[in-house]
Amino acid sequence: MSIEVAVIPAAGRGTRMRPASRVVPKALLTVIDRPAIQYAVEEAARAGAKEAVVVVDLDAGHLVAQHFSIEGPLTGLEDIHLRPVVQEEALGLGHAVNEAAHMVGDRPFFCLLSDNIVRPGHDVLAGLAAGSHDGAVSVMCLRELTQEFLSKYGVVVPASDVEDRYLDLAGAVEKPGPANAPSRLGLVGRYLFTPEVFEILGKLEPGHGGEIQLTDAINELGSRGRLRGYVAEEDLLDVGTPIGLLEASVELGEHEFGEEFKSWLRERAG
Ligand code: UTP
């Protein structure tokens, strides 16, 4: 089954990107020649999505919408309809996703964090869709995390072995740290959700850090036995921090500009 709609939360405070994100939202910061969020919309379009519901903050939402519409549709994005929705207060990622509920309705949907970019040639959304039993169960994109990242990501509770990249999941914990981590498999910013996640999100109390946590809703899906994982073959690029943005720019630059840029890099490295 094809997944028609993608939700792209982009209303976070972006404190790790200050001062760049004081006025310009983090999602509009440039990687090579386009804002970070454009990579996510392009990825959703490649996976066949026809609608991108972009969750934006009150101040800058119009800028994000304008980027995609100002001179007509961007090349390659002619077939995907961008629908902004405002999250008035940054109450957490779970809250942001729930703001898209009325636009998604009763459909399964992709969710893409705009501060993660897939490496060229390593799209994962088709893998999530293929494991979803025709959009009947939620499928989380996962990566094996090194020790330091167990305090920075949501970590899942496996309920089966990994077979052909897929496994069943029993739950998830937000940023557990090495001592409490139920596994080393982390949630890495790409998800396929069934619409039942909205019913769960609507009832959630604030969790870790006082925020409405998407991971808590994922945990509930797991306890209902309606959650699978898909272990991606490559990490995503994290452009939500200065060093991550720099590394992503270099890596995508190597891909974009090829030998010319690589030889410049080699000279610099001495
Ligand atoms: P982050 O955890 O990176 O948080 O959000 P942040 O607020 O953007 O950045 P820092 O930690 O202050 O530097 C992950 C994703 O969830 C979105 C963000 O825009 C980002 O794409 N998000 C987070 C929201 O849309 N709303 C929120 O309330 C929180």
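Numbered by this note's numbering, the letters in the sequence shown go through residues 84 to 353 in order.
The beta-carbon is built from N, C-alpha and C at its ideal position, and this holds for glycine as well.
Residue i: CB within 7 Å of a non-hydrogen atom of the ligand UTP
i: Gln170; result: yes
i: Asp318; result: no
i: Pro259; result: no
i: Val138; result: yes
i: Gly144; result: no
i: Lys109; result: yes
i: Thr113; result: no
i: Ala148; result: no
i: Met223; result: no
i: Thr98; result: yes
i: Asp198; result: yes
i: Leu174; result: yes
i: His291; result: no
i: Ala183; result: no
i: Gly323; result: yes
i: His216; result: no
Whole-angstrom distance between residue j and residue i, CA atom to CA atom
i: Val187; j: Ala179; result: 13 Å
i: Gly285; j: Val147; result: 26 Å
i: Leu348; j: Phe340; result: 12 Å
i: Ala103; j: Ser243; result: 43 Å
i: Ala253; j: Ser221; result: 12 Å
i: Ile163; j: Ala262; result: 43 Å
i: Phe192; j: Tyr122; result: 18 Å
i: Ile91; j: Glu125; result: 11 Å
i: Val333; j: Val322; result: 12 Å
i: His150; j: Ser85; result: 27 Å
i: Gly377; j: Arg129; result: With the chain covering only 84 through 353, there is no way to say anything about residue 377.
i: Val314; j: Arg248; result: 5 Å
i: Pro203; j: Leu335; result: 8 Å
i: Val137; j: Ala352; result: 39 Å
i: Ile115; j: Arg307; result: 42 Å
i: Asp251; j: Leu268; result: 12 Å
i: Val201; j: Arg273; result: 10 Å
i: Lys109; j: Gly237; result: 21 Å
Cβ separation of residue i and residue j, assumed to be a contact under 8 Å, to the nearest whole Å
i: His205; j: Glu317; result: 4 Å
i: Leu174; j: Leu225; result: Rounded, the Cβ-Cβ distance is 26 Å, inconsistent with contact.
i: Val280; j: Ala264; result: 23 Å between Cβ atoms; not a contact.
i: Ser215; j: Val239; result: At roughly 16 Å, the Cβ-Cβ gap does not stay under 8 Å, so Ser215 and Val239 are not in contact.
i: Leu195; j: Ala127; result: 6 Å
i: Ile120; j: Ser197; result: 4 Å
Strand pairing of residue i, partner residues [DSSP]
i: Arg311; result: Val222 and Asp251
i: Asp321; result: Asn199
i: Glu53; result: Residue 53 lies beyond the stretch modelled for the chain, which goes from 84 to 353, so this question has no answer here.
i: Gly269; result: Arg226 and Val238
i: Arg117; result: Val114
i: Glu246; result: Tyr249
i: Pro92; result: Val138
Neighbour flag for residue i against chain B, beta carbons, 8 Å
i: Leu146; result: The structure shown has no chain B; it contains just one protein chain.
task: Tell me the start and end of each unbroken alpha helix (DSSP H) in the segment 132 to 205 that is at least 4 residues and wholly inside, in chain order.
output: Taken in chain order, the whole alpha helix (DSSP H) runs of length 4 or more contained in the segment 132 to 205 are 144 to 152, 176 to 181 and 184 to 187.
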